[in-house]
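Respectively, the protein sequence lines represent chains B and Y.
For what it's worth, the numbering used here labels the leading residue of the first sequence as 161, then goes sequentially.
For what it's worth, the numbering used here labels the leading residue of the second sequence as 358, then goes sequentially.
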Amino acid sequence: MGRHMTAISLSHVDIAYDGQRVVHDVSFEVAAGESFALVGESGSGKSTVLKAIAGLAPEWTGQIEVLGQPGSHRPDRTLARHCQMVFQDPYGSLHPRKTVDAVLSEPLTIHRIGGQDARVEQALADVGLDRRFRFRYPHQLSGGQRQRVAIARALMLEPQVMLLDEPTSALDVSVQAEILNLLKRLRRERGLTYLMVTHNLPVVSFLCERMAVMNKGRIVEIAPATALHDGAFRDPYTQKLYAASGGD
Amino acid sequence: MTVQAWLLDDSPKSRGQAAAGRAYRVTLDLLRNPLAVVGALIIIGLILTAIFAPWIAPESPVGQDLSNRLLPPSAEHWMGTDELGRDIFSRVVYGARITLLIVGLVAVISAPLGLLIGAVSGYFGGWTDRVLMGITDVFLSMPKLILALAFAAALGPGIENAIIAIAITTWPAYARIARAETLTIRNSEFVAATRLLGASHSRLIARHILPLCTSSMIIRVTLDMAGIILTAAGLGFLGLGAQPPLPEWGAMISRGRSFILDQWWVATMPGFAIIIVSLGFCFLGDGLRDVLDPKSEGKS
Numbered sequence: 161m162g163r164h165m166t167a168i169s170l171s172h173v174d175i176a177y178d179g180q181r182v183v184h185d186v187s188f189e190v191a192a193g194e195s196f197a198l199v200g201e202s203g204s205g206k207s208t209v210l211k212a213i214a215g216l217a218p219e220w221t222g223q224i225e226v227l228g229q230p231g232s233h234r235p236d237r238t239l240a241r242h243c244q245m246v247f248q249d250p251y252g253s254l255h256p257r258k259t260v261d262a263v264l265s266e267p268l269t270i271h272r273i274g275g276q277d278a279r280v281e282q283a284l285a286d287v288g289l290d291r292r293f294r295f296r297y298p299h300q301l302s303g304g305q306r307q308r309v310a311i312a313r314a315l316m317l318e319p320q321v322m323l324l325d326e327p328t329s330a331l332d333v334s335v336q337a338e339i340l341n342l343l344k345r346l347r348r349e350r351g352l353t354y355l356m357v358t359h360n361l362p363v364v365s366f367l368c369e370r371m372a373v374m375n376k377g378r379i380v381e382i383a384p385a386t387a388l389h390d391g392a393f394r395d396p397y398t399q400k401l402y403a404a405s406g407g408d
Numbered sequence: 358m359t360v361q362a363w364l365l366d367d368s369p370k371s372r373g374q375a376a377a378g379r380a381y382r383v384t385l386d387l388l389r390n391p392l393a394v395v396g397a398l399i400i401i402g403l404i405l406t407a408i409f410a411p412w413i414a415p416e417s418p419v420g421q422d423l424s425n426r427l428l429p430p431s432a433e434h435w436m437g438t439d440e441l442g443r444d445i446f447s448r449v450v451y452g453a454r455i456t457l458l459i460v461g462l463v464a465v466i467s468a469p470l471g472l473l474i475g476a477v478s479g480y481f482g483g484w485t486d487r488v489l490m491g492i493t494d495v496f497l498s499m500p501k502l503i504l505a506l507a508f509a510a511a512l513g514p515g516i517e518n519a520i521i522a523i524a525i526t527t528w529p530a531y532a533r534i535a536r537a538e539t540l541t542i543r544n545s546e547f548v549a550a551t552r553l554l555g556a557s558h559s560r561l562i563a564r565h566i567l568p569l570c571t572s573s574m575i576i577r578v579t580l581d582m583a584g585i586i587l588t589a590a591g592l593g594f595l596g597l598g599a600q601p602p603l604p605e606w607g608a609m610i611s612r613g614r615s616f617i618l619d620q621w622w623v624a625t626m627p628g629f630a631i632i633i634v635s636l637g638f639c640f641l642g643d644g645l646r647d648v649l650d651p652k653s654e655g656k657s
């Protein structure tokens, strides 16, 4: 498999918080353009894996590669251009005193990219936000609108890889569908690679091609998303999870 | 479109309009609080008095007239005269300049210093935190006035040294507040998201963390102004602050002490000025707390 065919690759990754190991021996690969899900109950370590890839969980050992670049133990400027993250809580991921415009301009300022005005307007249009939202503060936006701003911010640097940490679980059901459709459209239009963390199996079958199931900090099974239709899971834990979510 | 509609527009067209709208909303909230308005009026009065002192004061604050010593308040001398025959009202009016200078400079020196030390300490944690907070604790553990006294005595009496001494004693409280605020902000997702964009530590502290600490800092500084005025007056009273013939309120009270039983107005009039201005800052600070408190943010 060529370098550029693999967007994200983890091999034998252990992750710890303050010396306490929470993720054990995780290995998987995500192909460029693929959408891959990490599934599991809360506390299974799936978000931690995402944070380690982004550099936000510095205590990891093993091998992490993003687009052929070795992973870093802290957020990294070069990685920022290729890999961005969308967080779970749209109420916590936007600075309460910054307008949408300030939030979207900041990545351009950090990386000294010009034409900010046009880029911000374009980014708003791309995530389906009217231009009148541009100078609003987060408290003047709904949860769904905030999450659109957070997605737009992640896309400002035109990354190829997006890490999605339960991007819809804090939203109303109707808004969830809108955000999922937006993510699906953006991926199709830009050929993005998604690594998504979720505990919601229908979201996986809507947006992802493959999934890894995590339990107690370990990957117990990697399966194609089609298994969610036919229930073709090998691992007993996965079968239990599948049954609990209404599959039979 | 009226100015008000422009300010309250839900969909501002520019950065300036968004910022102006926010400032307007804060002002509106502040005006709804009667005590805050009283406080603001007192502070505005103080500032205007300081600016227009030469036009307001009927006489020179230092001109002596020994034939008119210790006159009681009258139509000619509203607050009476002191032991050198100087008009106390004129001295109180000119004293507003000194008071404003002291609170202004102390705020300008100690608030940014405390804010920066606290934010850096809270943001980096670990050894940085331990060292910076250790220093802060040393300063905090000593009584303010005594510490200011020691500094003023070491630096020599005078208004500039009094200001420096007070500034040195006030920043640790601000550093503590800023650190506590930073600790709650440091692990929030918007900080993580900005780090992922490649932002430097200095950018994160300056652009993301400090703006969220400033509102509690403004409140705290305003509330502390009364204490700063009292400390300055205390230093003046003890002879370590403003030196004669400067009309500093604390020094004036100190001079009036010898006549307090027979010529009560000499010490009382500057005392009233201190009380009123201190109250004004307290009222304004309380009002600002109601308006700027981050927990009430977004309710309007």
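All C-beta atoms, glycine included, are put in the ideal place defined by N, C-alpha and C.
This structure is a prediction, so every number in the text was calculated from the model and none was measured.
{"Query": "Nearest-angstrom Cα separation, counted from VAL648 of chain Y out to LYS656 of chain Y", "Result": "Confidence is the limiting factor: at LYS656 of chain Y the pLDDT is only 42, short of 50, which leaves the residue's position unreliable, though a coordinate-based value still follows. C-alpha separation (whole angstroms): 10 Å."}
{"Query": "GLY513 of chain Y, buried or exposed, once every other Cβ within 10 Å from all chains shown has been counted against 16", "Result": "exposed"}
{"Query": "Contacts around HIS377 of chain B, its chain only, beta-carbon distance under 6 Å, and the 5 residues preceding and following it disregarded", "Result": "Contrary to the premise, residue 377 of chain B reads as Gly rather than His in this sequence. These residues qualify, in order along the chain: VAL182, VAL183, HIS184 and GLY205."}
{"Query": "Close-in-space but distant-in-sequence residues of the same chain around GLN276 of chain B (CB under 7 Å, 5 per side omitted)", "Result": "SER265 and LEU268"}
{"Query": "DSSP three-state assignment for GLY373 of chain Y, whether helix, strand or coil", "Result": "helix"}
{"Query": "Which residues DSSP lists as bridging CYS243 of chain B, in chain order", "Result": "B:VAL321"}
{"Query": "is_contact[PHE393 of chain B, chain Y] using C-beta, thresh 9 Å", "Result": "no"}
{"Query": "Any chain B beta carbon closer than 9 Å to PHE547 of chain Y", "Result": "yes"}
{"Query": "Spatial distance of ARG163 of chain B from GLN223 of chain B (CA atoms)", "Result": "Because the pLDDT of ARG163 of chain B is 46, which lies under 50, any placement of that residue in the model is unreliable, and the number read from its coordinates should be weighed accordingly. Going by the C-alpha atoms only, they are around 15 Å apart."}
{"Query": "Where MET161 of chain B falls, given that 16 or more other Cβ within 10 Å makes a residue buried", "Result": "Because MET161 of chain B carries a pLDDT of 41, less than 50, the predicted location of this residue cannot be relied on, and the following value inherits that uncertainty. Its Cβ having fewer than 16 others within 10 Å, MET161 of chain B is exposed."}
{"Query": "For LEU458 of chain Y and PRO430 of chain Y, the rounded distance between their alpha carbons", "Result": "28 Å"}
{"Query": "Neighbour-count burial assignment, ASN518 of chain Y, 16 or more Cβ in a 10 Å radius", "Result": "buried"}
{"Query": "Distance CB(LEU641 of chain Y)-CB(LEU506 of chain Y) smaller than 9 Å", "Result": "no"}
{"Query": "Pick from Y:ILE520, Y:ALA414 and Y:GLY613 that is closest to ALA592 of chain Y, judged by C-alpha positions", "Result": "Sequence check: residue 592 of chain Y is Leu here, not Ala. Comparing Cα positions, the closest option is Y:ILE520."}
{"Query": "Coarse secondary structure for TYR480 of chain Y, derived from DSSP in three states", "Result": "helix"}
{"Query": "Through-space distance from LEU324 of chain B to THR541 of chain Y, alpha-carbon basis", "Result": "24 Å"}
{"Query": "Near-chain Y residues of the stretch 283 to 314 of chain B (beta-carbon distance less than 9 Å), N- to C-terminal order", "Result": "ASP290, ARG291, ARG292, PHE293, ARG294, PHE295, ARG296, TYR297, PRO298, HIS299, GLN300, ALA310, ARG313 and ALA314"}
{"Query": "Own chain partners of THR493 of chain Y with C-beta closer than 6 Å, once the 5 adjacent residues on each side are dropped", "Result": "PRO529 and ALA532"}
{"Query": "Close-in-space but distant-in-sequence residues of the same chain around LYS258 of chain B (CB under 6 Å, 5 per side omitted)", "Result": "none"}
{"Query": "Exposure of PHE629 of chain Y, with buried meaning 16 or more beta-carbon neighbours within 10 Å", "Result": "exposed"}
{"Query": "Residue-level contact to chain B via CB, LEU540 of chain Y, 9 Å cutoff", "Result": "no"}
{"Query": "Beta carbon proximity, SER253 of chain B to chain Y, threshold 9 Å", "Result": "yes"}
{"Query": "Cβ-based burial, TRP606 of chain Y [other Cβ within 10 Å; buried from 16]", "Result": "buried"}
{"Query": "Where ASP178 of chain B falls: helix, strand or coil (DSSP)", "Result": "coil"}
{"Query": "Local conformation of ALA362 of chain Y per DSSP, three classes", "Result": "helix"}
{"Query": "Bridge partners - ASN375 of chain B, DSSP secondary structure assignment", "Result": "B:ARG378"}
{"Query": "Contact list for the stretch 225 to 248 of chain B against chain Y, Cβ threshold 9 Å", "Result": "ARG234, PRO235, ASP236, ARG237, THR238, LEU239, ALA240, ARG241, CYS243, GLN244, MET245, VAL246, PHE247 and GLN248"}
{"Query": "Contacts of PRO267 of chain B in chain Y (Cβ-Cβ under 8 Å)", "Result": "LEU554 and GLY555"}
{"Query": "Amino acids of chain B, ordered along the chain, whose beta-carbon sits closer than 9 Å to that of LEU569 of chain Y", "Result": "HIS255, PRO256 and ARG257"}
{"Query": "Min CB distance ARG646 of chain Y to chain B below 9 Å", "Result": "no"}
{"Query": "C-alpha distance - ALA511 of chain Y paired with LEU504 of chain Y, whole-angstrom precision", "Result": "11 Å"}
{"Query": "Residue-level contact to chain Y via CB, MET316 of chain B, 9 Å cutoff", "Result": "yes"}
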